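Notes follow once the structure below has been shown.
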Amino acid sequence: MSRHRVVIVGGGFAGIECAKALRATACDVTLVDRRNFHTFQPLLYQVATGGLSPGDIAAPLRSIVKRCANVRVLQAEVDDLDVEARVARAGALELPYDTLVLCTGVRHSYFGNDEWAPFAPGLKSVEDATEMRARILSAFEAAELEEDKAARDALLTFVVVGGGPTGVELAGALGELSRFTMRGEFRAVGSEQARILLVEGAPRVLGMYQEQLSRYAVAALAPLGVEVLSSTKVVGVDAGGVDVERAGARERIEARTVLWAAGVEASPLARVLATRAGAALDRAGRVVVRADLSIEAHPEILVLGDLASCTPAGASAPLPGLCPVAMQMGRAAARAIRARLGGAPVEPFRYLDKGAMAVIGRSEAVARLGSGSLTITGFLAWLAWLLIHLLFLVGFENKLLVLIQWANHYLTRNRGARLIANDAAHVGRLRRGVAAPPGHPSPR
C-alpha cells in the first residue's frame, strides 16, 4: 500500500510548522515554494531601514527540514489545481496528493488602484525590503545634491500609508534612522530635517489594539519626528507625492518617497481554489475555511495562515494575519492529517491568543497580553517584543546574528546595512520625480 502523499504549498510559518510536525508521520511530504528560503516577515521593516541584512531574517527551506527524512523541498510556483484528480500543477510539473495544504499568504492591495504600485512599494518580501531601502536612502542622497528648497523638502518628506503594526514600526524606524543614525553624516542637509507622515484612514492607528495603546504609540512616535494623520484617506499617489482627503477637504503632500502598509489581499491561488473547488472567499479574497481548516466539499484540502479566513466559534471576525496564528494552524493541520491516517475524528482548530505587540522605537513598544485587557508599554513591552521575535526567528545562527545587531544598534544607534544595492539611478530618478522603470521590483 502506498504512503499518504501530502503536498504543502508555501514555505512560510504555517508551511514549515506543518512539515516539521509531520516528521514522524507515515506519509511523504512535498514542501513547495517559489523561493528556496523562508522569510521572517515581521522583521522586513528592519531590512528596509538598514538595521538588518536580508540574510539575517531568512533561512534556506532545505536546512529547516533537513532532519525530516520524509520531507522533500521543491522550488516551484503552483499555479493550478485539478481537485478531482488531486493534482497540484506548477507549470508542467504535476504533484499528486492525498492531502493538499495551501498556505501561500497574501500580497499588497491598493484597493483597486494598482496604478499606484510603482510609486508606493509595499513590504512582503526580501525584494520589497531591499527596494524600499534603496528608495529611502536614495532620497537622502538626492537631497544632498538638490539646491532647490522645494524639491529638497519633497525629497526629505516620507509618507507611510497605513497605521497598523507594520506602518507604525516602519515610521518609527524611519524616525530613528533620520534623527539619530544618519545625523551629522550629510553636509548640505541635515537628515533630522526629514518629515515623516503616517497616514491612516481610521480614527486611530493600531486599531486592533486598545485605545490607550494607540494614544501611547502616537505620543512615542512624536519625538522621532513622525506626524500621525488619522481619519485621512489616500485618494491619489504619483511620482511627485500623495493626494489625501481629511475633514472633507483634499490636500496635496509633495513627497518623493511613499511606502505602502495599508492593505493586503490573498495570493492568486485563492482564486484558483475558488474556481476549481468552489471555495468561498471573503472580501479580502481569502479562503473561508471550516472549523478543521478544510474547505467545503473537499476535506482533503486544508488552507492555513494569511490565506485562510478562519472565524472561531463565538468570534465576530476572522483571525488576524499574524505569525502565531499561522504557526498554530500549521501544527493543527499536521494533527488533523495524523488523525485521519489513524481513523480518528479531527478536532476543530482552537487558537490560543497569547497577545499582540508592536515596536515603536528604542525602548518603546506596546503590547496586549492574551485576549484580555492587560497591556504593557515602554521598555518592558520593548524587551518582550525582542524576546518573542528572537524566539520565533528560524535558525540559531540567525537568532545570534540578529541579537548582536540589535545590541550594537542599542548601544551605538548604528544601522550597518545601509546599502543602495539596486542601482545608482535611483538618486537621479528621485531628483527628476519619476517612477522606477519596468524591471524594478514591484509590490505586485
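Numbering (this note's numbering), first residue to last: 1103 to 1546.
Glycine residues also receive a C-beta, built at the ideal position from the N, C-alpha and C atoms.
Model, not experiment: these values are computed from the prediction.
According to the DSSP assignment, residue 1487 belongs to the alpha helix (DSSP H) that extends over 1480-1494. Counting the other CB atoms within 10 Å of its CB gives residue 1303 a total of 16 or more, which places it among the buried residues. When secondary structure is reduced to three states using DSSP, residue 1142 falls in the coil class, being assigned neither helix nor strand. Under the three-pair Cβ rule at 8 Å, the segment 1142-1156 does not count as touching the segment 1167-1179.
In the three-state scheme derived from DSSP, where H, G and I count as helix and E and B as strand, residue 1422 is classed as coil. Contact between residue 1180 and residue 1190 holds: CB atoms are separated by about 5 Å, below the 8 Å threshold. Apart from sequence neighbours up to five positions away, the residues of its chain that approach residue 1522 with a beta-carbon distance below 7 Å are 1236, 1239, 1240 and 1528, ordered along the chain.
Contact between residue 1519 and residue 1152 is confirmed by a C-beta separation of about 5 Å, below the 8 Å threshold.
C-alpha of residue 1500 to C-alpha of residue 1156: approximately 10 Å in a straight line. Residue 1352 carries a strand assignment under DSSP once its states are collapsed to helix, strand and coil.
Take residue 1399, set aside five residues on each side of it, and the residues of its chain with a beta-carbon closer than 8 Å to its own are 1379 and 1380, in chain order. Under a 10 Å Cβ-count criterion, residue 1318 is classified as buried, with 16 or more other Cβ atoms of the shown protein chains found around its own Cβ. Taking a C-beta distance under 9 Å as the contact criterion, residue 1365 and residue 1212 qualify as a contact pair.
Around the beta carbon of residue 1135, 16 or more other beta carbons lie within 10 angstroms, which makes this residue buried. Looking only at 1183, 1126, 1124 and 1112, the smallest Cα-Cα distance to residue 1374 is reached by 1183.
Boundaries cannot be given for residue 1522, as no beta strand (DSSP E) includes it and DSSP labels it neither H nor E. If you look at residue 1179, you'll find it isn't in any alpha helix (DSSP H); DSSP assigns it neither H nor E. The residue among 1395, 1462 and 1217 with its C-alpha nearest the C-alpha of residue 1325 is 1462. 9 Å or more divides the Cβ of residue 1446 from the Cβ of residue 1468. Around residue 1118, the same chain offers 1133, 1140, 1163, 1166, 1167, 1432 and 1496 as residues with beta carbons nearer than 8 Å, after the five sequence neighbours per side are excluded.
Counting along the chain, residue 1514 sits inside the alpha helix (DSSP H) bounded by residues 1498-1514. Here the alpha carbons of residue 1515 and residue 1206 stand approximately 36 Å from one another. With distances taken between CA atoms, residue 1161 lies nearest to 1504 out of 1510, 1504, 1513 and 1293. Under the DSSP assignment, residue 1166 falls in the alpha helix (DSSP H) whose first and last residues are 1163-1166.
With respect to residue 1407, residue 1116 sits close: the two C-beta atoms are nearer than 9 Å. DSSP places residue 1132 in the uninterrupted beta strand (DSSP E) bounded by 1129-1135.
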